[in-house]
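**Q**
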Amino acid sequence: MYATIGIWVGAFFTLAIYSFLYKENPIYRLAEHLVVGISLGYGMAITYDIVLKPRLIEPLLTGNHWILLVPAILGLLYITRFIPGIAWLSRYPIAFLMGTAMGVGFPLTMKTDVLRQLEAAMQPFYQSGMPWHVVFGNIVLIFGTLAALIYFFFSKPHKGLFFGTGSKIGIWVIMLGFGATFGFTVMGRISLLIGRIQYLLGDWLHLIE
Amino acid sequence: MIVMVGGILMMVQYFIPHQYSQAVFNSYTEWAPIVGAFALILGVGSLTRVHSHKIRRKAKNWQYSWAVLLPLFGMPVFALLLPQSLAGGMEEPSIFHFLFMHIQVPIQSTMFSLLAFYIASAAFRAFRAKSALATVLLLAAVIVMLGQVPIGEVFGRWLPETGLWILRYPNLAAKRAIMLGVGFGILATNLKIIFGVERNWLGGAGK
Amino acid sequence: MLNLDRRWIFLAIGVVSIIPFLVGIGMPISTTAEVESIFDYVNGLDKNDAIFISFDYAPGTQAENTPMGVAVMRHAFYNDVPVFITSYFPLGHGMAIEGLNYVTNPAVPGFYQRVSFEEWAVFREAGITDKDELVIAWENDGNVLPEGAMGWVFEGRDFAMLGYAPLFHLVILGMTASIEAQYPQDIYENQLYEMPMLREHKSLREISLALTTAGSSACRSWIVYGREKVGLPVAFGVTAVMATDYFPYIQSGQIIGQMGGLRGAAEYEVLLAENGITASTDKAFRGMDVQSAAHMLIILLIIMGNIAFFAGGFHKKTAMKGRG
Amino acid sequence: MRKNWIVVPALMILLLLLPALSVAQSDDEILTPVDDSLSTVTEPQPVAEEQLVEPDPGLDVPGAVTVMDKENDAGDLLLVSFEQPLYTDGIFAYNIYRRVAGEETWNLVEVIPADEPPEFIDGYDPEFPISPGVLYEYRIASATVDEEEFFGSVFEAEVVSVGEIYHTGKTRVLIAGGLFIFLIFYYFGKAQRGAKMYLRPIAGIEAIDEAIGRATEMGKPVLYVPGLSTISDVATIASLTILGRVAKKIAQYQTPLMVPNRDPIVYTIADEVVKQAYMEAGRPDAYDPDSVFFLTTSQFAFVAGVNGIMMREKPATNFYLGMFWAESLLLAETGSLSGAIQIAGTDAVTQLPFFITTCDYTLIGEELYAASAYLGREPKQIGAVKGQDSCKAIIMSFITLALLLAIIDLVAGTHTLDWVRQVITMPIVD
């Protein structure tokens, strides 16, 4: 019973959104507003239940964890954002989170996205037993990475053999990469539509398995 | 100032395995989620402000603002205060679960699937092979699109294989160059924020 | 012709997406190395290992992401590999619960019968925590596996629903030292300390794989904070939109493999069915026929649009030599 | 200056290579401490001989336990190794127990299967952590399949665990990070001192003037969308810089301008920027306060609104610069149908393909930042672009080096590339 009503309501709102394809209308607008409220409301309830209750309130109630009042007060400073005059106080929690997140992230980003990628870019392009298309691919990979980097290099005019040709090859490689992204994005959007059709035809109307 | 101290502290911490450094780090991982949890106040506060403002001034479409505010505060009340017997709580079946599973999830999933329609329309009306480069892009896209679906194999094995080859080599080269570029960009922004050169992220708070 | 009302095109794509479902073609799908490597890796695990499946997406991309989490979860349950379930976002929390419910829902063919932490407390207290011994003891106690079920899954032995935690990247970092410190209890308020699967796998060092199903760059956190810290093996299940961006991570060996979009999920379903782990393929595979039809339509639209455009001649903009 | 930028990265590479080399050697030491400990363990033979005499009481028990402090830890790890018994028949696993010296209870901290090397790192178990500076005792038992245990003697650890001040395994990250920070601030300083630095012109930027000129000729307005994100997005900031320049040109030509906004804060700043630009162009009178306006915060409603403007007003030129999500497609499609010249730019990789296929000019990713630095001439921005460029130069030289070495290896059959890779490769350590 619960599930059946749920699916009918879900189907109703699914169709409400699709009605936008014909033209904008009040039901679409209602759905659009509901989603904003529900998602944040959901977030509030979950955050209280999973974070604040077990990690802050319960330890405080059992005593001995008074030190946790420090982050709690820091967090409460967010409220000052809405009180004119002392709104600057809300910068402290933001600054605390931003600063530390940047500091933690700096060496790790350096390692994952720069050093590890450099390491992987320095592969030998030929090893015995590799089929030709892999060897060719590896050569494309090395030159392609170099060329694309040249394209994003702004300190030199794109002229001459190295920078001129390099950036030209670079933009071609980048276009091939974007082509792949394009194809995959189209695929992704269609997949989401498929998901909704499975919901409408399957879960709701039981026309398909 | 806090940013700079916090940032440099955590950066240096990475290189120091000593127990005191670990202790600092451990209390940080304990505190940060608590502070972070309060950040929701910002979202809830500004949403409430915008929509209560609309309702008070009876701005255009003000009625819809109730559709934002009611679930916003209703959800936590249903979930945490209402007893299980009155369809409270978070487990299925409850009002909380219903609102999420049967209203939020369908709407949000459908919103994004609208784009399937728009892509089809744009495919016909706007995607043009206007230059050599745009042609290359579209060709690569078509090969990849056909290669990714089962019908592509009807044209022969070469099609999906070419698609995969594009993904694994030229695509990888382009994405790695972008990743390195973006990586440096993120690092530079991190530095600018830590050392206070960049201040926009404060979002004009209090100014 | 180019000024054709686009609602006709909307209608066309709607029709093309519905018909293949009703007809049901079931075109075969070949599998790729990126997905096979995840499958082979999970296939090599047993009850002494444990994995994480993280639902790091919001409902917007559930059509692509949920089948991935579900497929790998089924695979893990089949091999008795314990699964920790987490989420990066509050909304993903609900997705994670739905994913687990789907795998253990008696209405879905090939489900796993779920036993709650309370129900088998007696056996646990008697020290029976090994999966094989537990199943024997449980069935000797008069419990019968329902018809159509693939097996039992015991909460705390085979799965633990940890759910969402804020600033999840720090949670990953914290779990490299101790999972219990980050999640003292699961979402049903069971103490993690009492769970056999936690007693055997106390930190991410002792975890054999983390699969992140994501619709945003949230998945990167598992590499940055999990893999680079303690060498945690990571696999990606990402939406198609993100998939092409992460090929560098595959080549550099930072991730074991990647499922890209619905196609990736369909490949995993095919691998499961081919190896007899599930009786049949599921939603993702069935969607691929529609995917074929819709791609053909879109390619056709691109070609027709370009023909119409170039046949009309460059009536404008010839003054500017655009490059894009 | 011209020479400078080649020399600096080259020096840096040398710098990076030299210390990294020494690290590569020290790493070898870290990775193979077991050999040392084994050789010290093999000395006390008599223990084993004693057991030879009396093999009867079930299983043979393990011999001496060696404990070493683990390097690069917080003083919470110990390297434990032990001598395997002579007769391993029937032994299924070794159970390792630890206690604080002088205390009563033993804790089982590790079980090592008989066929695995007799060593492990103690202290990873969050339940039984090792405290720095505390003396521990170890006892190891041989266990049968049936979990029957036969204990060896108690050994006191020779060392206590000590935390280190610096993690030697992370030197490469430190060097790379330090180098990066140095380069960025070097160029910051240089730009701030007013040094002229070259940035190459970008095609899309040069087209801006042309596009504005076209709008003037046709007597139609220019539409400028500064993205849908907030001010905290770098792309938005870059876009607002470019908006200033565009508005200035427009003020000179006296063409109408329209700037719809989605974010209230971006709206106020965009308004300021445009007002300022008209002032600088010497035409504050021509500034129309309605040209910059706030539309709505809802994503799809914003698109619908902008599309409506495009169909009604038919602007001659559309700029989409900043952060865009799925709406990029809808905006550019409508704009392309209305026949406008379109110039787009964003750092959202997934949206770029759509802009490239629908717009006349597209600024790809970092080009947007560079364009804003190029137009804005603000020292911090130029400094950042320059600093990042030199880092890219380093990366490029490494890849080129690898390519050359790979060719040498192929021809000469040597292994130079492996050697260089070893210098860069970081083990996963923490």
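Chains as they are written, first to last, in the working numbering: chain A, 1 to 209; chain B, 210 to 416; chain C, 417 to 740; chain D, 741 to 1170. Note that beta-carbon positions come from the ideal geometry of N, C-alpha and C, so glycine has one too. Note that the structure is predicted; figures quoted are calculated from it, not measured.
1. Residues of chain C with a CB under 7 Å from the CB of B/Q357: which are they?
2. Nearest chain A C-beta to B/V277 closer than 8 Å, yes or no?
3. Three-state secondary structure (DSSP) at B/M388?
4. DSSP three-state call for A/D203: helix, strand or coil?
5. What does B/V406 touch in chain D if you count any residue whose Cβ is under 8 Å from its own?
6. So for D/P1000, helix, strand or coil by DSSP?
7. Does any heavy atom of the ligand ADP sit closer than 7 Å to the C-beta of C/A689?
8. How about A/D203 and A/I7: are their beta carbons less than 8 Å apart?
9. Taking just the CA atoms, how far does C/F701 sit from B/I328?
10. With the cut-off set at 8 Å, would you say D/I836 and D/I880 are in Cβ contact?
11. Looking at chain A, which residues of the stretch 476-510 of chain C have a Cβ within less than 8 Å of any of its Cβ atoms?
12. Compare the C-beta of D/D776 against all C-beta atoms of chain B and say whether one is closer than 8 Å.
13. Output the distance between the C-alpha atoms of D/D1187 and C/I454, rounded to the nearest integer angstrom.
14. Using only the alpha-carbon positions, how far apart do C/E549 and A/L200 sit?
15. Confirm, please, whether the CB-CB distance from C/G510 to B/F309 is below 8 Å.
16. Using a beta-carbon distance below 8 Å, is B/I375 in contact with chain D?
17. So which residues of chain D does C/V657 contact, with C-beta pairs closer than 7 Å?
18. Can you tell me which residues form a DSSP beta bridge with D/T1086?
19. Would you kindly report the start and end of the unbroken beta strand (DSSP E) that includes D/I836?
20. Please confirm whether D/Y1007 has its beta-carbon closer than 8 Å to some beta-carbon of chain B.
21. Evaluate D/L826 with the Cβ neighbour count: other Cβ atoms within 10 Å of its Cβ, from every protein chain shown; 16 or more gives buried, anything less gives exposed.
22. In three-state terms, what does DSSP make of A/W88?
23. Which complete alpha helix (DSSP H) runs does the stretch 924-961 of chain D hold, if anything under 4 residues is left out?
24. Less than 8 Å separating the beta-carbons of D/G1123 and D/A955?
25. According to the neighbour-count rule (16 or more other Cβ atoms, all chains shown, within 10 Å of its Cβ), is B/G372 buried or exposed?
26. So, do the stretch 947-964 of chain D and the stretch 1051-1060 of chain D have three or more beta carbon pairs nearer to each other than 8 Å?
27. Count the other CB atoms, across all protein chains shown, that sit within 10 Å of the CB of D/T995; report buried if there are 16 or more and exposed otherwise.
28. Near C/E596, which residues of its chain fall below 8 Å by C-beta distance, leaving aside the five closest residues on each side in sequence?
29. Check the Cβ of C/S433 against every Cβ in chain A and list those closer than 7 Å, keeping chain order.
30. Around the Cβ of C/N481, are there at least 16 other Cβ atoms within 10 angstroms (buried) or fewer (exposed)?
31. Return the residue from the list B/V351, B/F247 and B/P379 that minimises the CA-CA distance to A/I73.
32. Taking DSSP as the reference, what is the three-state secondary structure of C/N606?
33. Out of curiosity, what's the CA-to-CA distance linking D/I1096 and A/G183?
34. Tell me whether D/V781 sits in a helix, a strand or coil according to DSSP, three-state version.
35. Since D/S1031 and D/V999 are thought to touch, with beta carbons under 8 Å apart, how far apart are those beta carbons, to the nearest angstrom?
36. How many angstroms separate the CA atom of D/Y876 from the CA atom of D/V840?
**A** On the basis of the supplied data:
1. R679
2. yes
3. helix
4. helix
5. F928 and K1120
6. strand
7. With respect to the ligand ADP, the structure shown offers nothing to examine, as it has no ligands at all.
8. Yes. Within cutoff.
9. 23 Å
10. Contact check for D/I836 against D/I880 passes: the beta carbons are separated by less than 8 Å.
11. Within the stretch 476-510 of chain C, the residues whose Cβ lies closer than 8 Å to any Cβ of chain A are, in chain order, G476, T477, Q478, A479, E480, P506, L507, H509 and G510.
12. Its pLDDT being 39, under 50, D/D776 is placed unreliably in this model, and the coordinates cannot settle the point.
13. Nothing about residue 1187 of chain D can be read from this structure; chain D reaches only from 741 to 1170.
14. 43 Å
15. yes
16. no
17. T1090
18. D/I1104
19. Per DSSP, D/I836 belongs to the beta strand (DSSP E) from A833 to V840.
20. no
21. exposed
22. Assignment of A/W88 by DSSP, reduced to helix, strand and coil, places it in the helix class.
23. 943-958
24. no
25. buried
26. yes
27. buried
28. L608, Y609, L614 and K618
29. Residues of chain A passing the Cβ test: L193, I194 and I197.
30. By the neighbour-count rule (16 or more Cβ atoms within 10 Å), C/N481 is buried.
31. B/F247
32. DSSP places C/N606 in coil when its eight states are reduced to three.
33. 14 Å
34. Annotation note: pLDDT 38 at D/V781 (below 50); position unreliable, no value reported.
35. 6 Å
36. Whole-angstrom Cα-Cα distance: 4 Å.
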